[in-house]
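Chains as they are written, first to last, in the working numbering: chain A, 393 to 898; chain B, 1218 to 1481.
Pasting the structure below:
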């Protein structure tokens, strides 16, 4: 026996767990990002028509082809109907009662450097704990060793406020900028890849996004380059009655690697707000992308008033042989979540992984999962989904696994666990499995359990209060997924899991 | 009454249960019908009794488990009323229950669990938390004597533990949390002789002047290893007989029926 063997590993993990609990205790109130920045905004007129699409395109100084691309999407969208198959229930959305473009007036002239950015915007991100100075770490994780820098692209309503560490990344040949900047600076790359994974008219919400998308991030990792730091984008919805339609595109050339994280928050409001994003990942031969999301949009109040409608299309295309993608998501916010990050395993021996924690508390509704489309030979996929329902919430896992005839000798493993807290919530599992060859194997395991009074009493009899006990038990349930996150974010995610469930017991 | 004054008054008494009446919360079933029991610091008291006599209920009520209603009586720890406290407050005040059936918590490392518990108690008492390094030293020291290895510390709490491992883990928690009053609820159940001896050695190592023990057991065999100062027989929700260690031997020899027949 040698306890010291694992000393360093344990110290790190222990530190994470301890600080999680501390963070949870330090935070009072249910949703800590619910404040609003008072700033003068420029809006496009409310509603959606071809003129609005042209206006958004003009605001971004876009080339003709892109304006036409948007218009084509808009014309398709008008013909489409909103999907109703998801297990979510919400009043009809009036698409003419939404602002599709909102930009701080101080961003009228794009600042040349971060020093020129409106102090109010900088203060907003500082308050959220997002560093827009090129410091080594995200706020709140100081002291974590070893210190690794994180590059940030900060998106405020419809525009990117600034991107850090661009110069340093450029030395490695990595491009990290807002998508509007990419359209101006790297039009050939954008033209080649935009819409190549999620086609312009893929589905109702993705088509809407194609017509009106504003900022999002663009990442390009050249052949053979391992991105020297974590990249992240932080999305903030601030303006009222405004939709956010970001579009993110990441291209990993042959043999390259990047780890990317996105975070999302919004102010507390009585009205619902629409968020319809598209994320496209292109992964070539032997390349790898890790894409992590910590989604903490305002979930609405205890009675279901307000909150973000989160309708998101995320898809990764493993185009080359041995390409790898890993989606990790921690979905704690939003009134409605409709999201299925997917993997197209086109290259032979390509691999897709999906790790998910979806928490629905109070009146939240989540319908989320993934699609693993096996096209190449010897492809592998793994799905680990942890759904937690509390209050009166409904939480659905919806996942598709398809083995095409040519995907010989491919494998999928799906593990789908649901945890119920209280007796008024619901958990649902909807797997779709299609196997069209006889050399592939698909495994699906599903469990449903309740947070057990005996577990809580056991923890409390050892000195933990009720909230600590719930946090500990739930974090244990989610451990596999939390461990898939980059270390720096695992802690924040653990704390978030606990906060999202505050008041769910007792 | 200030805490120090009350402490002076109860200098030697650790646990003082008076006329404790308890029923099930959801049904009209009375389980404890006036339990009187005093455990002094430094002493080991054993409670024996037939199935259904209320032994385990007593341990649950003392530690604050839901589902029971106290209809009369009191239970004080060093002069402070336990029954008004939440379970975690009782733990911080120095009460510890070694469970008959330790609970599994999947995904939560044993080490994490122990450290969270220790620091929660220290925090509640206004003491400084233990750092990761110091904690490891502490665990290593305590674990060695109970033959608990590193692997067991890394595994999720009680998940896949053998019966013996679970009970040793309870005693490890007791050793780390250093409670003033320890209640052992049928700690011998499900243990073979070797495992029982390990557990008993662990408990004996914790015996000290400032600590009281209440050992609940069905059989006398555990008391061969943990020598009690006082033995109580519980039946039908009451302590019906109190004596020295010889009382346990009498139970072993004659069974409960005979002894209880003599009492009634």
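The C-beta atom is built at its ideal place from N, Cα and C for all residues, glycine as well.
Distance between residue j and residue i (C-alpha atoms, nearest Å)
| i | j | result |
| --- | --- | --- |
| residue 737 of chain A | residue 431 of chain A | 45 Å |
| residue 778 of chain A | residue 862 of chain A | 16 Å |
| residue 1359 of chain B | residue 1401 of chain B | 18 Å |
| residue 1473 of chain B | residue 1463 of chain B | 14 Å |
| residue 770 of chain A | residue 828 of chain A | 14 Å |
| residue 1251 of chain B | residue 1300 of chain B | 15 Å |
| residue 1468 of chain B | residue 1321 of chain B | 34 Å |
| residue 598 of chain A | residue 590 of chain A | 8 Å |
| residue 487 of chain A | residue 440 of chain A | 7 Å |
| residue 869 of chain A | residue 1335 of chain B | 22 Å |
| residue 454 of chain A | residue 689 of chain A | 29 Å |
| residue 901 of chain A | residue 807 of chain A | With chain A covering only 393 through 898, there is no way to say anything about residue 901 of chain A. |
| residue 1427 of chain B | residue 1311 of chain B | 11 Å |
| residue 656 of chain A | residue 729 of chain A | 13 Å |
| residue 1448 of chain B | residue 1440 of chain B | 10 Å |
| residue 633 of chain A | residue 452 of chain A | 21 Å |
| residue 434 of chain A | residue 836 of chain A | 50 Å |
| residue 1389 of chain B | residue 1432 of chain B | 16 Å |
| residue 783 of chain A | residue 694 of chain A | 9 Å |
Interface flag, residue i vs chain A, CB-CB below 7 Å
| i | result |
| --- | --- |
| residue 1325 of chain B | yes |
| residue 1280 of chain B | yes |
| residue 1314 of chain B | yes |
| residue 1426 of chain B | no |
| residue 1239 of chain B | no |
| residue 1320 of chain B | yes |
Exposed unless 16 or more other CB atoms sit within 10 angstroms - verdict on residue i
| i | result |
| --- | --- |
| residue 691 of chain A | buried |
| residue 1288 of chain B | exposed |
| residue 754 of chain A | buried |
| residue 1404 of chain B | buried |
| residue 1454 of chain B | buried |
| residue 1303 of chain B | exposed |
| residue 609 of chain A | buried |
| residue 418 of chain A | With a pLDDT of 44 at residue 418 of chain A, under the threshold of 50, the modelled position of that residue is not reliable, and the figure given next carries that caveat. Result: exposed. |
| residue 821 of chain A | buried |
| residue 639 of chain A | buried |
| residue 554 of chain A | buried |
| residue 535 of chain A | Its pLDDT being 39, under 50, residue 535 of chain A is placed unreliably by the model, and the measurement read from it follows with that caveat. Result: exposed. |
| residue 702 of chain A | buried |
| residue 495 of chain A | buried |
| residue 1327 of chain B | buried |
| residue 564 of chain A | exposed |
| residue 760 of chain A | buried |
| residue 469 of chain A | buried |
| residue 733 of chain A | buried |
Minimum Cβ-Cβ distance from residue i to chain B less than 7 Å
| i | result |
| --- | --- |
| residue 857 of chain A | yes |
| residue 864 of chain A | yes |
| residue 814 of chain A | no |
| residue 519 of chain A | no |
| residue 871 of chain A | yes |
| residue 587 of chain A | no |
| residue 655 of chain A | no |
| residue 868 of chain A | yes |
| residue 536 of chain A | Confidence at residue 536 of chain A is low in this model, with a pLDDT of 39, below 50, so its placement is unreliable and no value can be given for it. |
Close Cβ partners of residue i (< 7 Å) along its chain, the five nearest in sequence each way excluded
| i | result |
| --- | --- |
| residue 1408 of chain B | 1380, 1381, 1384, 1416 |
| residue 512 of chain A | 429, 431 |
| residue 1240 of chain B | 1246, 1247, 1248, 1286, 1288 |
Same chain only: Cβ atoms within 6 Å of residue i, ignoring 5 sequence neighbours per side
| i | result |
| --- | --- |
| residue 773 of chain A | 744, 764, 804 |
| residue 747 of chain A | 720, 776, 873, 876 |
| residue 670 of chain A | 590, 598, 601, 639, 705 |
| residue 731 of chain A | 704, 760 |
| residue 758 of chain A | 729, 750, 752, 787 |
Heavy atom of the ligand COA within 6 Å of residue i beta-carbon
| i | result |
| --- | --- |
| residue 487 of chain A | Because no ligand of any kind appears in the structure shown, any question about the ligand COA cannot be addressed here. |
Cβ-based neighbour list, residue i, same chain, cut-off 8 Å, excluding 5 preceding and 5 following
| i | result |
| --- | --- |
| residue 843 of chain A | 811, 812, 813, 862, 865, 866, 897 |
| residue 1257 of chain B | 1229, 1230, 1231, 1429 |
| residue 856 of chain A | 864 |
(message) What are the residues in the region 1282-1295 of chain B lying within 9 Å of chain A by C-beta distance?
(response) 1282, 1283, 1284
(request) May I ask you to list, following chain order, the residues of the region 1334-1346 of chain B that have a beta carbon less than 9 Å from some beta carbon of chain A? (result) 1334, 1335, 1336, 1337, 1338, 1339, 1340, 1341, 1346
(request) Select from the region 821-853 of chain A all residues with a C-beta closer than 8 Å to any C-beta belonging to chain B, and list them in chain order. (result) 844, 845, 846, 847, 849, 850, 851, 852, 853
(message) Using a Cβ-Cβ cutoff of 8 Å, what residues of the region 1298-1312 of chain B are near chain A? List them in chain order.
(response) 1303, 1304, 1305, 1307, 1308, 1309
(message) Under 9 Å, CB to CB, which of the residues in the region 769-781 of chain A have a partner in chain B?
(response) none
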